[in-house]
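For the sequence shown, the residue numbers in the working numbering are 63 to 198.
Here a beta-carbon is modelled for each residue, glycine too, at the ideal position from N, C-alpha and C.
For reference, the structure is listed below as structure tokens.
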Amino acid sequence: MRPGRFQEFVIDLARNSPTATQVRTLAEAGDTEIPCGIAITTAAGVSRWGIVGQLPDGAKHGGFDDAPVHGDPVAPGDAPQAADVPEAWLAALLAHSESPEIASVERWSVREDARPDSFGVTVRFHNTARVFMRLL
């Protein structure tokens, strides 16, 4: 899933979540330096996320059509809670989407080699593409 389509997907999910009070693109929030990203407000505050994508293995930008590849969705786990830290909230939101395109959702802060100042989520798709969402 390309970053633009993924951004729209996350915006739709977040706007339909009872735990989000405001959802905007970064451009709508006044940040025009980052081409793709979102700002989400929950009870924990505003979190701003930059979105970057990686094409599927072996794909080239020219001619890539971003056709969805479906597989088993990620196990949903706990639903996002309004007071969750932003990274946990976003990961739960994505897992709860039960999208057949998403193969896995990985939080950066809980990885074995996690840096204490790095928060984000890697979303892997069944077509081997990836999206990286970094907390700004």
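Assess, as a yes-or-no matter, whether the segment 106-115 is touched by the segment 127-134 under the definition of 3 or more beta carbon pairs within less than 8 Å. no
Taking all protein chains shown into account, decide if R77 is buried (16 or more other Cβ within 10 angstroms of its Cβ) or exposed. exposed
Go through the segment 68-123 residue by residue and report every complete run of the alpha helix (DSSP H) that reaches 4 residues or more, in order. none
Kindly indicate which residue of S166, L198 and L152 has the alpha-carbon position closest to the one of I73. When only C-alpha atoms are compared, the closest one is L152.
Alpha helix (DSSP H) containing A150: first to last residue? P148 to H158
For G125, which beta-bridge partners are listed by DSSP? DSSP output for G125 lists no bridge partner at all.
With DSSP run on the structure shown, which of helix, strand or coil describes S171? helix
For the beta strand (DSSP E) holding M195, just list the boundary residues, first then last. R192 to L197
Can you list, in chain order, the residues of its chain whose CB lies under 8 Å from that of T190, leaving out five sequence neighbours each side? P118 and D119
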